[in-house]
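Student:
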Amino acid sequence: MTPALARLPVLAPALLSAALAVSGPAAAQEAGPALAGPAAPGLGAAMGLAAAPLRDPGTEPGEPAAEPAAGPDGSQEPPAEDLPAWVDADARGTLSVTFENDIFGDDDKDYTNGVRFDYVTPRNNLTAAGRLAKRGLFEWFSDADDWYEFYTLGQNMYTPSDISRRVPPPGDRPYAGFLYGGFGVAADRGDRLDTIALEVGVVGPSSQADRTQTLVHDVIGAQKPRGWHTQLEDEPGVRLVYERKWRFGADLPTRVLDLSVDWAPSVTATLGNVETSVAAGGIVRLGKDLADDYGPPRVRPAVASPGFFRNEDDFGWYVFAGVEGRVVGRNIFIEGNTFGGVDGVEPNRLVADVQAGAAIQVGRVELSFTQVLRTEEYAGQDGPAVFGSVNLRTRF
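If you read the sequence shown in our numbering, its first letter stands for residue 27, the second for the next number, and so on.
(1) Report the start-end ranges of each beta strand (DSSP E) in the region 311–373 that is 3 residues or longer and not cut off at the edges.
(2) Inspect the beta-carbon positions of Tyr-206 and Glu-175 and report whether they are closer than 8 Å.
(3) Three or more beta-carbon pairs under 8 Å between the region 356–371 and the region 184–199, yes or no?
(4) Arg-157 lies in the alpha helix (DSSP H); which residues open and close that run?
(5) Which of the three DSSP states is assigned to Thr-178 in this structure?
(6) How many angstroms separate the CA atom of Trp-343 from the CA atom of Gly-308?
(7) For Thr-85, count neighbouring Cβ atoms within 10 angstroms of its own Cβ and tell me buried if that reaches 16, exposed if not.
(8) Can you give me the C-alpha to C-alpha distance between Gly-409 and Ala-155, rounded to a whole angstrom?
(9) Return the residue from the list Ala-382, Glu-392, Asp-339 and Val-388 that minimises the CA-CA distance to Leu-399.
(10) For Tyr-404, which residues from the same chain have a beta carbon less than 7 Å from its beta carbon, with the 5 sequence-adjacent residues on both sides left out?
(11) Suppose only complete runs of 4+ residues qualify. What are the alpha helix (DSSP H) ranges in the region 199–242, listed by chain order?
(12) Less than 8 Å between the beta carbons of Gln-249 and Ser-190, yes or no?
(13) Roughly how many whole angstroms lie between the Cα atoms of Arg-149 and Glu-259?
(14) How about Phe-413: is its C-beta nearer than 8 Å to some C-beta of chain C?
(15) Would you mind giving the Cβ-Cβ distance between Arg-419 and Thr-120, rounded to the nearest angstrom? I have them listed as a contact below 8 Å.
(16) Where does Thr-153 land, buried or exposed, given buried means 16+ other C-beta within 10 angstroms?
(17) Specify, as a first and last residue, the run of the beta strand (DSSP E) that Val-404 falls within.
(18) Give every residue of the same chain whose Cβ lies closer than 6 Å to the Cβ of Tyr-268, excluding the five residues on either side of it in the sequence, and list them in chain order.
(19) Identify the continuous beta strand (DSSP E) that holds Thr-294 and give its terminal residues.
(20) I'd like to check one pair, Ser-303 with Arg-270: are the Cβ atoms closer than 8 Å?
(21) Look up Glu-301 in the DSSP assignment and give the residues it is bridged to.
(22) Is Thr-256 helix, strand or coil by DSSP?
(23) Could you check which residue in Gln-181, Gly-355 and Arg-161 has the C-alpha nearest to that of Ala-212?
(24) Counting C-beta neighbours from all protein chains within 10 Å, is the total for Ile-334 16 or more, i.e. buried, or is it exposed?
(25) By DSSP's criteria, Gly-263 is part of a beta bridge. Which residues make up the other side?
(26) Using only CA atoms, which one of Asn-417, Thr-124, Thr-178 and Asp-134 lies nearest to Val-242?
(27) Whose C-beta lies closer than 7 Å to the C-beta of Phe-365 among residues of the same chain, with five residues either side of it excluded?
(28) Is it buried or exposed for Ile-246, if we count other Cβ within 10 angstroms and need 16 for buried?
(29) Do Ala-347 and Val-377 count as a contact pair if the criterion is CB distance below 8 Å?
(30) I'd like to know whether the C-beta atoms of Val-416 and Phe-125 end up nearer to each other than 8 Å.
(31) If the criterion is Cβ atoms closer than 8 Å, does the pair Phe-274 and Trp-254 meet it?
(32) Taking its Cβ as the centre, do 16 or more other Cβ atoms sit within 10 Å of Val-300, making it buried, or is it exposed?
(33) Taking DSSP's pairing of strands, which residues face Gln-397 in a bridge?
(34) Would you call Asp-340 buried or exposed, if buried means 16 or more other Cβ atoms sit within 10 Å of its Cβ?
(35) Among the residues of its own chain, which have a CB less than 6 Å from the CB of Arg-356, if the five just before and after it don't count?
(36) Determine the contact status of Asn-151 and Phe-413, defining contact as a CB-CB distance below 8 Å.
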């Protein structure tokens, strides 16, 4: 026997261990019994596998073999190169941009524009403020294991029915803008999401809504608004929001084109000088490889849950429809400043949003469009407000 052949029984276990380590723990688990088990005892003993179980390359000789890490559902986690998208999402934050405008509707009036930016931290990556909110204010709401922080920056603008007039007619809503920032914490239990958020900003000229609309209309050649000098006066704006959403049926296949369906009802309570209301509603989604979330984000007062999303596949899509009803105790954009108000405008206390749309997800990016009909918010309003909402969110 040549020296090389004489060393083969010694080298073979090391070479096989290295090969199985490259293939991953799953391959090692499958190959170990096949080579070392009863079906091939002679070969297993000759290669040293029966006496020396396979171990992670990073462990020292004599240490027990490391168990594969468990995923969020308790399953054994595959090697890093084979991780599904939901594991990748847990280690990444999410940036969400929402643009709403009545350009997708029938006229330039009422709720005419809204822009909202959200950043959602990676799972369980809380700052001191987030931990304080979790332990001191919010933990008793939820027994969830997954916690998120999110930060918000947004601007809303509202105009009367005829922006060509210098002074809105009696009974019409006033010009108003709201510039705000927000901070919130979300607890995700998989089938239930609890969110608490605080938004603080300014209503009035300091919101810069007048300059924003005038600039945009100049650029696109639209009717120049002439009545912003009559807008609400400067006033600090505060809105504290609590939301709870449930998710049902995510794993129930329709058995048609490999589609799935889910239903996400929600309840919301809002308190502040900007808005005080309670709401209930829900959304139904039908599609392929539904993302592990609660539907597209929106600009408040619609349900505006955090923009995070997780999907086990690199491609997915869905269509959706939903409705939400609100009982409104106060709406500063209809009733006017807290001290002063607007004469002649009578708010409607019951308001509803009806929406439908579609979303497509490719890798770490999701794009959605929602068409919204909002019922009249005040007596004498010229029909419901119709507008569209575009959301783009990405993990990074």
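No residue lacks a Cβ here, since even glycine has one placed at the ideal position from N, Cα and C.
Tutor: Judging by the given coordinates:
(1) As far as the region 311–373 is concerned, its whole beta strand (DSSP E) runs of at least 3 residues are 341–357.
(2) Taking 8 Å as the Cβ cut-off, Tyr-206 and Glu-175 do not qualify as a contacting pair.
(3) Yes, the region 356–371 is in contact with the region 184–199.
(4) In this chain, the alpha helix (DSSP H) harbouring Arg-157 covers 154–158.
(5) Strand, per DSSP.
(6) Straight-line Cα distance between these residues: approximately 19 Å.
(7) Residue confidence is low: Thr-85 scores 46 on pLDDT, short of 50, so the model does not pin down where it sits. Its coordinate-derived value is still stated next. Per the 10 Å Cβ criterion, exposed.
(8) The alpha-carbon atoms of Gly-409 and Ala-155 are separated by roughly 43 Å.
(9) It is Ala-382 whose Cα lies nearest to the Cα of Leu-399.
(10) Around Tyr-404: Arg-199, Ile-360, Val-371, Glu-372, Pro-373 and Asn-374.
(11) You should have found no qualifying run.
(12) Yes; because the gap between Cβ atoms is below 8 Å, this pair is in contact.
(13) Here the C-alpha atom of Arg-149 lies approximately 40 Å from the C-alpha atom of Glu-259.
(14) The chain inventory of the structure shown lacks chain C, comprising one protein chain alone.
(15) Right, the Cβ-Cβ distance comes to about 6 Å (below 8 Å), so this counts as a contact.
(16) Exposed, by the Cβ-count rule.
(17) Rather than Val, the amino acid found at residue 404 in this sequence is Tyr. First-last for Tyr-404: undefined, no H or E at that position.
(18) Listed in chain order, the non-local C-beta contacts of Tyr-268 below 6 Å within the same chain comprise Ile-222 and Ala-295, local neighbours out to five positions each way being set aside.
(19) The continuous beta strand (DSSP E) containing Thr-294 extends over residues 286–297.
(20) With contacts defined as CB atoms closer than 8 Å, Arg-270 and Ser-303 fail to qualify as a contacting pair.
(21) As DSSP reads the structure, Glu-301 sits in a beta bridge with Asn-357.
(22) Judged by DSSP in its simplified three-state form, Thr-256 adopts helix.
(23) Comparing Cα-Cα distances from Ala-212 to each of Gln-181, Gly-355 and Arg-161, the minimum goes to Arg-161.
(24) Note that residue 334 is Phe in the sequence shown, not Ile. Buried, by the Cβ-count rule.
(25) The partner list for Gly-263 (beta bridge, DSSP) reads Gly-227.
(26) The candidate whose alpha carbon is nearest that of Val-242 is Asp-134.
(27) Only residues of its own chain outside the window of five on either side were considered, and among them none has a CB closer than 7 Å to the CB of Phe-365.
(28) In summary, Ile-246 is exposed, with fewer than 16 beta-carbon neighbours lying within 10 Å of its beta-carbon over all protein chains present.
(29) Taking 8 Å as the Cβ cut-off, Val-377 and Ala-347 do not qualify as a contacting pair.
(30) Between Val-416 and Phe-125, the CB-CB gap stays under 8 Å.
(31) Result no, Cβ atoms of Phe-274 and Trp-254 do not sit closer than 8 Å.
(32) Val-300 is buried by the Cβ-count criterion.
(33) In the DSSP output, where bridge partners are listed per residue, Gln-397 has Ala-382 and Gly-414.
(34) Asp-340 is exposed by the Cβ-count criterion.
(35) Cβ neighbours of Arg-356 beyond the five flanking positions: Thr-302.
(36) Contact: no.
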